[in-house]
Every structure is written in C-alpha cells, then in structure tokens.
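Taking this note's numbering, the leading residue of the sequence shown gets 82, the next gets one more, and so forth. Quick reminder that beta carbons are idealized off the backbone N, C-alpha and C, glycines included.
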Amino acid sequence: MLAELRLNTTGPIVDLGYARYEGVHNESVEYVTCPQADIMFLKRRPSINTWFGIRYAQPPTGELRWRAPRDIELNNSYSRTETISASAQGPICVQGTPQWRVAGNSMTPFRPIGTEDCLLLDVLAPAHPISSSLPVMVQIHGGGYTQGNSEYYAGYSLVNQSRGALVYVTIQYRLSAYGFLSSEEIKRSGTANAGLLDQRAALMWVQRHISKFGGDPNKVTVYGGSAGGGSVTAQMIMYGGVSSPPFRAAVAEYPWWQSYSNDSLLELQYSGLLSAANCTSLTCLRSLPEDTLATASQTTYTNAYVSGLYGYGNFYYGPSVDGDIIRDLPSNEFKQGHFTKVPLLLDRDGYEGYAFTNKSENITAEETADLQTLFPFAQQSFFSRLYELYPKEAFNSTFFQRQTWFGDFIINCPTYYMASALSDWGLPVWKLIFNAGSQQHGATHSIIFDITYGCKSIILITKTSAGQNRTLASITKDWMLSFTTHLDPNAVAYSGVEKPYWPKYQAAGTSNFSVIDVNYTQIGVVGDFDVSAQCDFWHAMSYIVRN
82 MLAELRLNTT GPIVDLGYAR YEGVHNESVE YVTCPQADIM FLKRRPSINT WFGIRYAQPP
142 TGELRWRAPR DIELNNSYSR TETISASAQG PICVQGTPQW RVAGNSMTPF RPIGTEDCLL
202 LDVLAPAHPI SSSLPVMVQI HGGGYTQGNS EYYAGYSLVN QSRGALVYVT IQYRLSAYGF
262 LSSEEIKRSG TANAGLLDQR AALMWVQRHI SKFGGDPNKV TVYGGSAGGG SVTAQMIMYG
322 GVSSPPFRAA VAEYPWWQSY SNDSLLELQY SGLLSAANCT SLTCLRSLPE DTLATASQTT
382 YTNAYVSGLY GYGNFYYGPS VDGDIIRDLP SNEFKQGHFT KVPLLLDRDG YEGYAFTNKS
442 ENITAEETAD LQTLFPFAQQ SFFSRLYELY PKEAFNSTFF QRQTWFGDFI INCPTYYMAS
502 ALSDWGLPVW KLIFNAGSQQ HGATHSIIFD ITYGCKSIIL ITKTSAGQNR TLASITKDWM
562 LSFTTHLDPN AVAYSGVEKP YWPKYQAAGT SNFSVIDVNY TQIGVVGDFD VSAQCDFWHA
622 MSYIVRN
C-alpha cells in the first residue's frame, strides 16, 4: 500500500490543494563508530521535516504505459477531509539489470524488483528555515536509466549543512523499457522518452507546489549524477532548449552520455520486448499483468546481450532522438547552441571507465571485438585512430587502456563539450575533476550524501585521513550548496570551513579552460585535462558511436 490515510495527525502537514500530506519531524541525534578509522562521528538529521512518497503524476499503468505522465491534480480520488501519511519511503520503480551485471551471469529469467506505481518524490525541508522562500535542489537519481531510486540520494547532509537555507527534493521516474522504449508504433500511440517526461513532470510539480514546503519555485537547481547527470543534460536540450525552463541552474555530476540508440536498434528493442512478452502489439503490452511485463522486460537484457545488441558497460535502454522531446544528439545540440541557457556546475572522477570495463579482457583482439559491439557502425579508420590516441604501450594493461577510452567517451569528454559550449554563450560554468576517494565513477557520492560524514568515505581513503576527508566533505557540500543558493560555488561557506577559490571555466576574453582539481594532497586550479585530441576524436565520431 503506497499511502496510509490518517485522521489523527502529529507530524508537519502540507496542504497541496488537491491533497493533504503528513510528514515527519526528525530531531534525532546518534553517535556512530567507524571501526575502520577508530573514530566516532555524529550522525544527525536535526530539525528536518520530511515527506516521503508524494505522487507527482498518476500511476503509469495499463493504458498509461508508454504515455506522457498525467498531472496528479487530474486525479479526483483524493479526499479533502483526510490526511495521507508521508512518513515512509515509497516503492521504487521497476529496475532493469544489464546482463553483464547479473549475478553469476545467470541466463534464467527473473522478476526484477520494483513496481510501476512509482512516480513519487520526497521533500526535505528545514524545520527552522532562514526564510519563507528558500532555494530548492531537485535531485534526479542515476543508475544507467535502468536502476536506482530516490533514497540513494537522500539529502539530509546537504539540508543539515545549509543551516536552514535549502529545500531538497528527490524524484523517481520510469526506468528501463518502461521509461525508454521507443518505436514507430510507440510514437504513434504514446511517447518515446517517457522517463525524461516524468522528470520534467516532477520539475513542473515543484513549480506548482514547492512554495507549500517553504521553497521558491524561481530558485530551483536541477541536480543529478551519472544517468542523473545525463538526465540533466537531456533536460537542458529538451525541445531544443526552452527559454523558460522549470529550473534556473543545473548541476551535472559525472554525466553519463551513453550512446543514443538509432531507429534500427530502437525497433529491435521494441520487437524484443514483444517477443519476450509473447505479444504482437502495444495494446497487448499495455494489457499485461505487472509481473509478466516486469519479467519480460528483464528477459530482453539477456536476449539482446547474447545477440550482441549491446556490450559491456552499456545499459541497453536510455534516451533516444525522437525528433520532438530530444531533437538531436547531445553533442550536436550543445555545439549548435540548442540548450537551455542557465549557469552550470560539472564534475567528473579520475577513473570513470573502471567500473564499466571487463576485467577479463586482456588482449587487443578482445578489446577490438568489444569496440565493435559498442560501435557497430565504426570503420577501420575509427579503430586505427583510437589505438593511435590510446596506444597500448601507454598503459600497463589492456584493462586500463579500455577503461581510459571508455571513461573519456562516456563522461570525461562530455563535461568538456558542455562546459565549453556554455562558456561560448557567456554563461557561468564551473568544472571539478575529482581524484580523491575511490577516484572511480561516483566517488563524490559518499562525501556529499553520506549523513555520517563518511564511514564509507573514510574507508575509501585511509584510516589516517579521516579528518582530511571530513574537511573535504564539508568543502564539496559547500560548493554544491553555494551554487544552488547563490549561483556561485564560492559565495558562501555554510560549514565554516575555508575553501580554495574555484574560478569559472573560461574567463571572458580568454582561452583558458580552468578547472579545480581535487586529489589526495591538495585542491588546486589546473587546465582542463579533457581539452585534448582524444575528446576532439570522440566529438568528431559522434555520428559513428550512435548504436
């Protein structure tokens, strides 16, 4: 059951006009011991009001599958005399697992976790705000467009460090085949990129209702990491870049630019789901029981992987060019200025390709076969140039050679394309390269979202660097908070910790591409490592790397 109706209320209540929700006031304080670091930390969620599992759109089930989300206010089943409990986390969306991530590489079909009735969001607001109209951060979770949920990006540490200056919202959206299936039939009788439209619907809900929680709809920053960062990219180029978006700034952490599938692969994805579900039409898919559709959607990952339709590190489903919602590849849209013009903060980690590279790959022939699966339209000139730019002798193994070009292709170079494109339009941009923690994809996550200030983070660094890591966590959160509240990461130090000055990516009238680099020993300003022949190559090959 998604929401419990209650007549006797004790928590903070918000009246949205169409429904009333009762949240939770959290004043708890708990001390947590990190045995790996032999240090005790304060885990707190002080004076924060939370509302979990608020529907922002109608359940996308049955006839609403693969259709644009419908505003929740159009649902007249809510009672104005009852209060809905929003004290517990809502259900997550149906997950999808690419075959290379399936435990034991099992080929046995299984019912993935999650449910379709998942278009929910959570709101965290300070119980003692410094203003009645606060800046708002809206988090779009990552997970390769096939996995993830709102809870993974719980924003307690950010709201806490803001000292009453931030309202935080985290949303869920349709994933996998539910959110990113496309075909001519779907476009005729539904919509492609339904997951992106869910995200936009949540942002529009924030515009209509966040003032009830103390937020200012004119001061919204959209924020996401990994596929969440890729989603921020998609929101910026949606409809060719709108002039009045439902956000005034954007944060794209390690933005995941997975290849946008071409029409041929999209049709194969659609026919694959029809086959796995024993259907012959979209009408049939919409009539299936939830468990049957969920199992069929997961089965498509296995069948497509065996057929060579996607390779290691690719999540198979994701955004696509549909001609309306997304009108061209992100690289082209940014190059042509077809994006929403807002301030931008970017980051990426040191070894972005590490987690998405097959550790059993150890000879060039295997790497080339891998490349041919990922980029099936590539010609011999593509492979020759790639191996010139990433020569085997420059790496101590095929694995590190592959992780380097994969990381460049899917994340590192996109941060350069975005930063330079916005700077060319005179927009303020800041870029961070994070070479601390694990240095792998998502390395900043634990220090930004870990509410204990980082037992996990401390383990990722060393036992003796706990104090330094806690300082780095405070600085990194300050950057994100200051950008959200003042459109400048340097403006405010909410933690009280002094931090280095972070210059804009490109100063007016110069050709300097400045980034701030964080490593184990220092934080300093350097030139952008991604202004390189390698990134120029991937940019030129954008028409080839489309699956």
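Query	Result
Coarse secondary structure for H222, derived from DSSP in three states	coil
Environment of Y582 [buried if 16+ CB atoms lie within 10 Å]	exposed
Assumed close pair F415, A502 - CB separation to whole angstroms, cut-off 8 Å	4 Å
Proximity of D611 and G605 at Cβ, strictly below 7 Å	no
Other residues of its chain near R244: CB distance less than 6 Å, five sequence neighbours each side excluded	Y575
Own chain residues within Cβ distance below 8 Å of V578, not counting five before or after	T552, S555, I556 and D559
Which residues DSSP lists as bridging V95, in chain order	Y102
Cα-Cα separation between S608 and G224, rounded to whole angstroms	Correcting the residue type first, residue 608 is Gly in the shown sequence and not Ser. Their backbone Cα atoms lie some 30 Å apart in a straight line.
Separation of G92 from Y534, as counted between CA atoms	Reliability of the predicted coordinates at Y534 is poor, the pLDDT of 37 falling under 50, and no value is obtained from them.
Pick from V387, L366 and G488 that is closest to G143, judged by C-alpha positions	L366
Nearest-angstrom Cα separation, counted from G260 out to Y304	19 Å
Whole beta strand (DSSP E) elements within the region 574-611, 3-residue minimum	595-599 and 604-608
Terminal residues of the beta strand (DSSP E) in which Y335 lies	No beta strand (DSSP E) contains Y335, which DSSP labels as neither H nor E.
Counted within 10 angstroms of its Cβ, other Cβ atoms place K580 as buried (16 or more) or exposed	buried
Close beta carbons around L83, own chain, < 7 Å, minus the five adjacent residues each side	With a pLDDT of 43 at L83, under the threshold of 50, the modelled position of this residue cannot be trusted, and the question is left open.
Sheet register partners of W132 (DSSP bridge)	V204
Distance CB(A500)-CB(Y432) smaller than 7 Å	no
Nonlocal neighbours in the same chain, by C-beta distance under 6 Å from A357, ignoring five residues either side	A377, T380 and T381
Length of the line joining the Cα atoms of W679 and H620	The chain is shown from 82 up to 628; residue 679 falls before or after that span and cannot be answered.
Run of the beta strand (DSSP E) containing G306, from where it starts to where it stops	G296 to G306
Per-residue burial, P472 [other beta carbons within 10 Å of its own, 16 or more giving buried]	exposed
Reduced DSSP category for L503 - H, G, I as helix; E, B as strand; rest coil	helix
Beta-carbon contacts of Y99 that lie in its chain and below 6 Å, excluding the five residues immediately before and after	E154 and Y159
Contact belief for D271 with W147 at Cβ below 8 Å, rounded distance in angstroms	The identity of residue 271 in the sequence shown is Gly, whereas the question assumes Asp. The pair is a contact, with the Cβ atoms about 4 Å apart (cut-off 8 Å).
Pick from Q520, L200, L277 and P326 that is closest to K40, judged by C-alpha positions	For the chain, the structure presents residues 82 to 628; residue 40 sits outside this window and is missing.
Residue burial classification, D430 (beta-carbon count within 10 angstroms, cutoff 16)	buried
Beta strand (DSSP E) segment containing Y249, residue limits	V248 to I252
Cα-Cα separation, Q449 to G394	Checking the sequence shown, residue 449 turns out to be Thr, not Gln. Approximately 15 Å between the Cα atoms of the pair.
Nonlocal neighbours in the same chain, by C-beta distance under 7 Å from A436, ignoring five residues either side	Q521 and H522
Close beta carbons around M317, own chain, < 7 Å, minus the five adjacent residues each side	A331, F420 and T421
DSSP state of P370 mapped onto helix, strand, coil	coil
Counted within 10 angstroms of its Cβ, other Cβ atoms place G434 as buried (16 or more) or exposed	buried
Among V323, I491 and N241, nearest to F618 - alpha-carbon criterion	I491
Segment contact, 8 Å Cβ cut-off, at least three pairs: the region 212-219 with the region 292-309	yes
Cβ-based burial, R161 [other Cβ within 10 Å; buried from 16]	exposed
Rounded straight-line distance, which links the Cα of D428 to that of P336	8 Å
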